[in-house]
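Taken in order, these protein sequences are the chains called A and B. So the first sequence is numbered by the working numbering: it starts at 80 and just counts up by one. So the second sequence is numbered by the working numbering: it starts at 15 and just counts up by one. Only one structure is covered here, and it is reproduced in the block below.
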Amino acid sequence: MDVILFLIFAAIAVVCGINVVVQTHPISSAISLIGVMGALAVLYLLLGAEFLAAAQVIVYAGAVMVLFVFVIMLLNAGAETRRGRSWMAQLLGVPLVFAFLGLMAYFVQHVFPGSAEVRFGAFKHGTAQDVGRALFTQYLLPFEVVSVLILVAILGAVVLARKELE
Amino acid sequence: MNFFLLSLIKAAVVAFVLLTTLAYLQWVERKVIAHIQVRLGPSRVGPHGLLQPLADVIKLITKEDLIPPYVNKFLYLAAPFFAITMSLLSISVIPFGSEIRIPGGTTWMQLTDLNMGLLFVLAVSSMGVYGIALAGWASNNKYSLLGGLRSSAQMISYELPLSMALAAPLLLANTLSLRHIVEQQAGYYLGFIPRWAVFQMPMPQIFSFLIFLIAAFAETNRVPFDLPEAENELVAGFHTEYSSMKFAAFFMAEYANMITVCSITTTLFLGGWLPLWPSAAGSNYLPTVVFLLAGGIALSHGLHPARKPDRLTLPVVAVVFFLVAAVFLIPAVQAALAPLFWFAAKTGALLFLFIWIRGTLPRFRYDQLMAFAWKFLFPVAVLNLMVTGLLVAAFS
């Protein structure tokens, strides 16, 4: 059952991921990206990381992507036109993709032995309690540093977006 | 009983009750608004307009299903489907009542109790905005686009105070499962003050209750925050280009969202299916009393009818109410249905508040809406969360 569900949602994630690149209209790309997020959430759920799955949907699919869609709608961006591509990209693109995929497969095979259990760092299970405990004990310093970083980013956005005061 | 069979039966019952409630909530809303505005409301189709929802459904189904040219066809068709799916989904984790006995065991009056039930509701509701935003964009109409833009901006803004307000009672409950949140609110202070989150020590959640309710009005696009469909500015907002069942899907989604939000408020703040006073003091007999009173009022109006058909219809209603009152006296039924009655009563009171406010308050201006969310509601919600956290840490 798990394997079947994994295959289905992994396939959805990959197809949506390819669709993000292939689509010419930004809205279609954004919606494909939402599909990727949703499929990833299901994959997290299959691994037992329920909090991560919920956070994935709430934060990425529900907040970040809403902002993306909002900005695309606000700017009323149209479909992009296909221009001629360089012969280099056309010639080397497909072989390079296969080489990259092969490399990835090779490393995944070697880094994760076949029967290893999936682990989320210090998180024993994926429930909200476990994630919260790990965040506020073991990973307290990185957590606080990241929150300061985000604050700096917000202030930067405000400064950049502010109208010039005479 | 077989788990799948049981789940299937429960899902069918919940879906049937929910859809009927949706249809009749709209009738109630029209009646209440009408009486607030000193009108009669729907009164032609059936006695007291009771068959009006049915007539509306038939009208909407048989209407021509227009797809305007120049729309983005895929998204235009997907948006209402998405909106209705997301709004109906979160009802699956809401606990309607306590454990009941069925042939071959017991079961909970809840479709499923997720470990992270509340996060599930948040996730689903945060996805719901796509239905409206994409409907506005795909319609290729400037009013629709403006409605969609307003709605996404409004829902993102109000999701913050909503989540902050929701986090405070979670600090008291110490769980994310909706069933455990309710169970955690059982009991009484001094024997008569319920331990609902709005009254619970060390920090009564009255402020987060109010913040949550205000943010919920905005999240469901209801008056006074109904700017996405402000009809005097935007024709009909995001659903201007929709007709027939696709329009009905948006309409149903709005009412389903209202029911969900009221159920969540009841569960989180008002003790879910728990009664207001202990069952030792006779809280289980309240349904009987309420239905007897309702039947008595209907009967007295039937004896002094304002209009001719009332002489027949109101006594029939009274008899139905008396029968329901009698059914609630059977011990087995009482044990099973009294919690459900309390849940429905609280949720119904909140729904009435939604309707009442629609009949009372004018619409906000757009800048007022944003300023209110960011400059007032959000800071208050954060402050409330901090105070709650401090008090919980100090007293535990």
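From the three backbone atoms N, C-alpha and C, an ideal C-beta is built for every residue, glycine too.
- Nearest Cα to residue 376 of chain B within the set B/205, B/94, B/54, B/246: B/246.
- Following the DSSP letters along the chain, one finds residue 63 of chain B in no beta strand (DSSP E), marked with neither H nor E.
- Taking the Cα of residue 282 of chain B as reference, the smallest distance to any Cα among B/195, B/45, B/373, B/92 is reached at B/195.
- Interface criterion met: the Cβ of residue 141 of chain A is under 8 angstroms from a Cβ in chain B.
- Membership of residue 108 of chain B in any beta strand (DSSP E) is not indicated, and neither H nor E is assigned to it by DSSP.
- If you draw a 10 Å sphere on the C-beta of residue 145 of chain A, you find 16 or more other C-beta atoms in it, and that means buried.
- In the structure shown, the three-state DSSP call for residue 273 of chain B is helix.
- At a cut-off of 8 angstroms between beta-carbon atoms, residue 395 of chain B makes no contact with chain A.
- Counted as a single uninterrupted DSSP element, the alpha helix (DSSP H) harbouring residue 144 of chain A occupies residues 144-154.
- Under the Cβ criterion of 8 angstroms, residue 178 of chain B is not counted among the residues facing chain A.
- Remark: C-beta atoms of residue 309 of chain B and residue 335 of chain B approach each other more closely than 8 angstroms.
- Residue 102 of chain A and residue 150 of chain A have their alpha carbons spaced roughly 18 angstroms apart.
- The Cβ atoms of residue 137 of chain B and residue 172 of chain B lie no closer than 8 angstroms to each other.
- Interface residue (Cβ-Cβ distance to chain B less than 8 angstroms): residue 148 of chain A is classified as such.
- Counted as a single uninterrupted DSSP element, the beta strand (DSSP E) harbouring residue 119 of chain B occupies residues 119-123.
- If one requires a minimum length of 4 residues, the alpha helix (DSSP H) runs lying completely within the region 142-189 of chain B are 156-187, in chain order.
- Within chain A, 133 have C-beta atoms less than 8 angstroms from the C-beta of residue 134 of chain B, given in sequence order.
- When Cβ-Cβ separations below 8 angstroms define contact, residue 201 of chain B makes no contact with chain A.
- If you draw a straight line from the Cα of residue 64 of chain B to the Cα of residue 147 of chain B, it comes to about 34 angstroms.
- The Cβ atoms of residue 140 of chain B and residue 183 of chain B lie no closer than 8 angstroms to each other.
- Using a C-beta cut-off of 8 angstroms, the region 82-89 of chain A makes contact with the region 105-123 of chain A, since at least three inter-stretch Cβ pairs fall below that distance.
- In the DSSP assignment, residue 115 of chain B forms a beta bridge with B/120.
- In the three-state reduction of the DSSP assignment, residue 344 of chain B falls in the coil class, being assigned neither a helical nor a strand state.
- DSSP places residue 233 of chain B in the uninterrupted alpha helix (DSSP H) bounded by 220-233.
- Separation of the CB atoms of residue 82 of chain B and residue 255 of chain B is rounded to 5 angstroms, and the pair is thereby assigned contact status at 8 angstroms.
- Judged by DSSP in its simplified three-state form, residue 229 of chain A adopts helix.
- Take residue 100 of chain B, set aside five residues on each side of it, and the residues of its chain with a beta-carbon closer than 6 angstroms to its own are 138, 141, 142, in chain order.
- Interface flag for residue 227 of chain A against chain B is unset, since no Cβ pair is found closer than 8 angstroms.
- Straight-line spacing of the CA atoms in residue 352 of chain B and residue 226 of chain A works out to 47 angstroms.
- The residue from B/74, B/330, B/296 with its alpha-carbon nearest to that of residue 312 of chain B is B/330.
- Taking the beta carbon of residue 163 of chain B as reference, the chain A residues within 8 angstroms of it are 149, 152, 153, listed in sequence order.
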